[in-house]
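Single-structure report; data block below.
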Amino acid sequence: MSINDQGRTGSPPPAKRKRRGSHILSTLLFVTAIGFAAVAGYLYWEEQQEEQNEPTPPPAEAGQWQLAQVRSAFDQAGFETEVGRTNGHTDQMEGVPGQALMLDGTEIYIFIFSPTVDSDDPIAMAEAAYAGIDESTLFLERQSSGAIISEGEPVSVFQGSNIVAVMIGGDEDAIERARTTIEGLI
Numbered sequence: 010m011s012i013n014d015q016g017r018t019g020s021p022p023p024a025k026r027k028r029r030g031s032h033i034l035s036t037l038l039f040v041t042a043i044g045f046a047a048v049a050g051y052l053y054w055e056e057q058q059e060e061q062n063e064p065t066p067p068p069a070e071a072g073q074w075q076l077a078q079v080r081s082a083f084d085q086a087g088f089e090t091e092v093g094r095t096n097g098h099t100d101q102m103e104g105v106p107g108q109a110l111m112l113d114g115t116e117i118y119i120f121i122f123s124p125t126v127d128s129d130d131p132i133a134m135a136e137a138a139y140a141g142i143d144e145s146t147l148f149l150e151r152q153s154s155g156a157i158i159s160e161g162e163p164v165s166v167f168q169g170s171n172i173v174a175v176m177i178g179g180d181e182d183a184i185e186r187a188r189t190t191i192e193g194l195i
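So in my numbering, the last one in the sequence shown is 195, and the numbering has no gaps at all.
Written out as structure tokens, the structure reads:
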């Protein structure tokens, strides 16, 4: 043991060593917390940037509604929407596939009528298709596999502009809001 000029030994007292270890630990935890806060701030900023960069669909012209514009109309009606993964078809509307949307978890298939060689009036085509639908016998099949989508579920059919929509199931409020949205398309 060495004694320095002031008569003390060369090693610090044990209490100072403990304080130094706890000081290092608290500093390390503080730096870690700042790191987590920085990561959270970055992730929040990224999410905000993604939302700002989402393209908004152009406004629909009368009789020329597309899926993105119909989805936007449902969003404005207060539905939480997402694009479905399947397409459906029915023998009651030949040649027009229905594109799936999810409205608050309920499937709705959007049949979009476009001008053809036979007719340049998609609204008249949608109205004629809608007039020929019998909801009691209507069923939808997956276009890829032929599996029946609507089996055992009640279906509701709506028409507006160049769109015919077939909703599978859903509560009364959702059905009425979907009906109002589709029938309000110009």
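Glycine included, every Cβ here is placed at the ideal spot set by N, Cα and C.
May I ask you to list the residues that DSSP assigns as paired with residue 197?
-> Absent from the structure is residue 197, since the part of the chain shown begins at 10 and ends at 195.
Three-state class that DSSP yields for residue 86 in the structure shown = Looking at residue 86 - three-state DSSP - the assignment turns out to be coil, as it is neither helix nor strand.
With 16 other Cβ atoms within 10 Å as the buried cut-off, status of residue 247 = Absent from the model: residue 247. The displayed extent of the chain is 10 to 195, so no value can be given.
Every unbroken beta strand (DSSP E) inside the segment 143-188 [3 residues or more] = If only uninterrupted beta strand (DSSP E) runs of at least 3 residues are considered, those enclosed by the segment 143-188 are 164-169, 172-177.
Go ahead and label residue 74 buried or exposed: buried means 16 or more other beta carbons lie within 10 angstroms of its beta carbon, across all protein chains shown.
-> buried
Taking all protein chains shown into account, decide if residue 69 is buried (16 or more other Cβ within 10 angstroms of its Cβ) or exposed.
-> buried
Backbone CA spacing between residue 123 and residue 131 [nearest angstrom] = 5 Å
On the DSSP bridge assignment, give the partners of residue 108 in chain order.
-> 96, 119
Integer Cβ distance of residue 185 from residue 167, believed to fall under 8 Å = Residue 185 to residue 167, Cβ: 10 Å. No contact.
Between which two residues does the alpha helix (DSSP H) carrying residue 134 extend?
-> Taken as a continuous stretch (DSSP letters only), the alpha helix (DSSP H) holding residue 134 covers 131-140.
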